[in-house]
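Using my numbering, the first residue of the sequence shown is number -10, and each one after it goes up by one. Backbone N, C-alpha and C fix where the C-beta goes; we use that ideal spot for every residue, glycine too. Remember, it's a predicted structure, so these values are computed and weren't measured experimentally. Here is the structure we will look at.
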Amino acid sequence: MILTHLHADHVGWNTREVDGEWVPTFPSARYLTSRIEREFWATYDMEEARKQMFRDSVIPVEEAGLLDLVDVPAEGVEIAPGLHLLPTPGHTPGHIAVELTSQGETALITGDCIHHPVQFAHPSIGACVDIDPEQSEASRRKLLGSLADTETLVLGTHFAPPTAGRVITDENAYRLAPVPAAPQTVSQ
Ligand SMILES: [Zn+2]
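Below you can see the structure in the form of structure tokens.
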């Protein structure tokens, strides 16, 4: 399990409630997030709803010994063959994007460093929940620049359909060239 960051909508189903207690949903899995991310929230002055989210969705995983804190250097880190974590801070301090390479093809899961395809054309547009808007913009520009005009398939975590596509240079910025899902074959 890779947690791109520790916002409420990205830790759901880490755990499930059993007899009034929150237990890891996947007790045989390792849960990974960046060390910077976990350490940031450890000292954050949380409002009650966020405290509750940590109590039900993060701390039970830690207490079960299943949460691995990963040091993510600027160039990224390979955590398994073909699976890289890329630092994309700003939305949260330890935010990571996830790059998957298999059989010569690469895909990139954005997490929340990009929320909407409009940010391809206007990377300066941030999300109101970005903790550091300037750093978020810098991460977005760097990531989009690295993906532009490559074959990497971008999977936008919060994008409405089409959620997948390639980054194309367009004037002074970029645009998303959607890649439709392969048609499903229905067996009769
Ligand atoms: Zn978020």
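Quick test of your reading: residue i and residue j, contact by CB under 8 Å. State the CB separation rounded to the nearest angstrom.
{"i": "T99", "j": "A116", "result": "Rounded, the Cβ-Cβ distance is 12 Å, inconsistent with contact."}
{"i": "T141", "j": "L75", "result": "About 11 Å; that fails the 8 Å criterion."}
{"i": "T81", "j": "L56", "result": "Actually they do not touch by this definition, with Cβ atoms about 16 Å apart."}
Below 7 Å, is the gap between the Cβ of residue i and the nearest heavy atom of ligand 1?
{"i": "V0", "result": "no"}
{"i": "D101", "result": "yes"}
{"i": "V47", "result": "no"}
{"i": "V59", "result": "no"}
{"i": "V118", "result": "yes"}
{"i": "H(-6)", "result": "yes"}
{"i": "H80", "result": "yes"}
Could you tell me which residues DSSP puts in a beta bridge with residue i?
{"i": "P76", "result": "I85"}
{"i": "A38", "result": "In DSSP, A38 forms no bridge with anything."}
{"i": "G154", "result": "V143 and P167"}
{"i": "A69", "result": "L72"}
{"i": "V61", "result": "The partner list for V61 (beta bridge, DSSP) is empty, contrary to what the question assumes."}
Just to confirm my understanding: we take residue i, look at its own chain, exclude 5 residues before and 5 after, and list those with CB closer than 8 Å. What are they?
{"i": "T4", "result": "W11, V12, P13, T14, D45, S46, P49 and V50"}
{"i": "P112", "result": "E126, R129, R130, L133, A162 and Y163"}
{"i": "V168", "result": "L142, P151, A153, G154 and R155"}
{"i": "W2", "result": "T14"}
{"i": "P70", "result": "none"}
State the Cα-Cα distance for the pair residue i and residue j, rounded to the nearest angstrom.
{"i": "L(-8)", "j": "E123", "result": "23 Å"}
{"i": "Y163", "j": "A137", "result": "7 Å"}
{"i": "L89", "j": "T95", "result": "6 Å"}
{"i": "A170", "j": "D34", "result": "42 Å"}
{"i": "K40", "j": "I114", "result": "29 Å"}
{"i": "P151", "j": "T32", "result": "38 Å"}
{"i": "Y20", "j": "I68", "result": "12 Å"}
{"i": "G83", "j": "D(-2)", "result": "16 Å"}
{"i": "I25", "j": "L(-5)", "result": "11 Å"}
{"i": "F43", "j": "V61", "result": "22 Å"}
{"i": "L144", "j": "L72", "result": "15 Å"}
{"i": "E160", "j": "Q108", "result": "14 Å"}
{"i": "C102", "j": "E36", "result": "23 Å"}
{"i": "W30", "j": "G65", "result": "21 Å"}
{"i": "T139", "j": "E6", "result": "43 Å"}
Residues in its own chain within less than 6 Å of residue i by CB, not counting five upstream and five downstream?
{"i": "R27", "result": "L58"}
{"i": "A166", "result": "G154, R155 and I157"}
{"i": "D121", "result": "G79"}
Going by beta carbon distance, what residues of the same chain come within less than 7 Å of residue i, once the five residues before and after it are set aside?
{"i": "D119", "result": "G79, H80 and S125"}
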